[in-house]
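At position 156 of the sequence shown the residue is numbered 156 (UniProt numbering), and the sequence of numbers has no breaks. From the three backbone atoms N, C-alpha and C, an ideal C-beta is built for every residue, glycine too. Since the model is a prediction, treat every value here as computed from it, not as a measurement.
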Amino acid sequence: MCVELLGCCLETEFPILVFKNCFHGTLSHRIHSGTTSTCLEDPVFPWEEKLRIAAEIAHAVAYLHSFTVRPIIHNDITAENIILDGQGGGKLANFSRCIPLPLGGTDVETPILLETHCCLAPEYISKGRVSEKTDVFSFGILLFEVLQCDARLSNATLEFDFKKVIERVIEMQFKKCIELANLCTSDKDSERPTMKEATEELWRI
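Below you can see the structure in the form of structure tokens.
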């Protein structure tokens, strides 16, 4: 979900927004400060918490894409921009790079800012084209990071690495998450799911 807005003040020189204080570190810090093992039986960052955070962020991005007539593209979905609420959940933050799509349009061309992060969709890198599917791509990379995988994995790799160390139910959930992340990071934007579809799949998992 997104960080809750408690109120605003428009009577000052610059508008002031007041958000609920739910900062308990970033997802990036949580991922990289503990164990770097890909084992799902990680006591520092339990599997259930990883899955919940992924589903909540997917829901938040899907909301941005659908709650107005003009979809809003977050355009900066990274682990650094996910803050933790201290209750096992994650909140989407930093909307400074958000881009509303034109009315009735599906994409827009913008200046290419390659210095932002490495979770950039191919169509953005080559043409500066931003759409809902560029957010989907960034979410897919984020999902890999949450799962603590450095690259897109094959089913054969999963069979080798995880059958020995995790229960079958969690293994199946993990594989479904990897499959979803692979779909989200397809080089062709037409092959990626929508954020709504990604959210529904994560809740099913």
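So what's residue i in DSSP terms, helix, strand or just coil?
i, result
"Val130", "strand"
"Leu158", "In this prediction, Leu158 has a pLDDT of 44, which is less than 50 and means its spatial position is unreliable; what the coordinates show is noted afterwards. The answer is helix: DSSP assigns Leu158 an H, G or I state."
"Gly25", "coil"
Is the Cβ-Cβ distance between residue i and residue j less than 8 Å?
i, j, result
"Pro187", "Ser131", "Note on identity: in this sequence residue 187 is Asp, with Pro being the wrong assignment. Their beta carbons are not under 8 Å apart, which means Asp187 does not touch Ser131 by this criterion."
"Leu27", "Ala79", "yes"
"Gly90", "Ile31", "no"
"Ile141", "Lys176", "no"
"Leu92", "Ile82", "yes"
Comparing C-alpha positions only, which one of the options sits nearest to residue i?
i, options, result
"Gln173", "Glu11, Glu48, Ser33, Glu13", "Glu48"
"residue 208", "Ile99, Leu92, Thr185, His65", "As shown, the chain starts at 1 and ends at 205. That puts residue 208 outside it, with no answer to give."
"Leu103", "Leu84, Phe95, Ile72", "Ile72"
"Leu84", "Ile57, Ile99, Phe67, Cys98", "Ile57"
"Leu64", "Phe45, Leu51, Glu201, Phe95", "Phe95"
"Val146", "Leu51, His24, Glu13, Glu11", "Leu51"
"Phe137", "Gly105, Cys9, Glu191", "Glu191"
"Phe139", "Thr68, Gln148, Asp76, Thr106", "Asp76"
"Cys119", "Thr68, His74, Trp203, His59", "His74"
"His24", "Cys8, Gly86, Ser33, Arg70", "Gly86"
"Ser66", "Ser33, Thr12, Thr106", "Thr106"
"Glu201", "Glu13, Gly7, His59", "His59"
"Gln148", "Thr12, Arg168, His29", "His29"
In chain order, what residues of the same chain lie with their CB nearer than 8 Å to the CB of residue i, ignoring the 5 residues before and after it?
i, result
"Ala62", "Thr194, Met195, Lys196, Ala198, Thr199"
"Leu143", "Ala54, Cys177, Leu180, Ala181, Cys184"
Who are the Cβ neighbours of residue i in its own chain at under 7 Å, not counting the five residues just before and after it?
i, result
"Ser154", "Low confidence applies to Ser154: its pLDDT is 44, below 50, so where it sits in the model is not reliable enough to give any reading."
"Gly88", "Glu49, Arg52"
Take residue i and list the residues in its own chain whose beta-carbon comes closer than 6 Å to its own, dropping the five residues that flank it on each side.
i, result
"Glu109", "Gly128, Arg129"
"Thr134", "Ala121, Tyr124"
"Arg70", "Pro100, Leu101, Leu103"
"Cys9", "Ile16"
"Arg97", "Asn75, Asp76"
If we cut at 8 Å on Cβ distances, does residue i have a partner in chain B?
i, result
"Lys127", "The question asks about chain B, but that chain is absent: this structure has only one protein chain."
May I have a chain-ordered list of the alpha helix (DSSP H) segments no shorter than 4 residues that lie completely inside the segment 175–205?
-> If we require 4 residues or more, the alpha helix (DSSP H) runs fully inside the segment 175–205 come out as 195–204.
In chain order, which continuous runs of the beta strand (DSSP E) of length 3 or greater are located wholly inside the segment 50–116?
-> Inside the segment 50–116, DSSP marks whole beta strand (DSSP E) runs of 3 or more residues at positions 82–84, 90–92, 107–109, from first to last along the chain.
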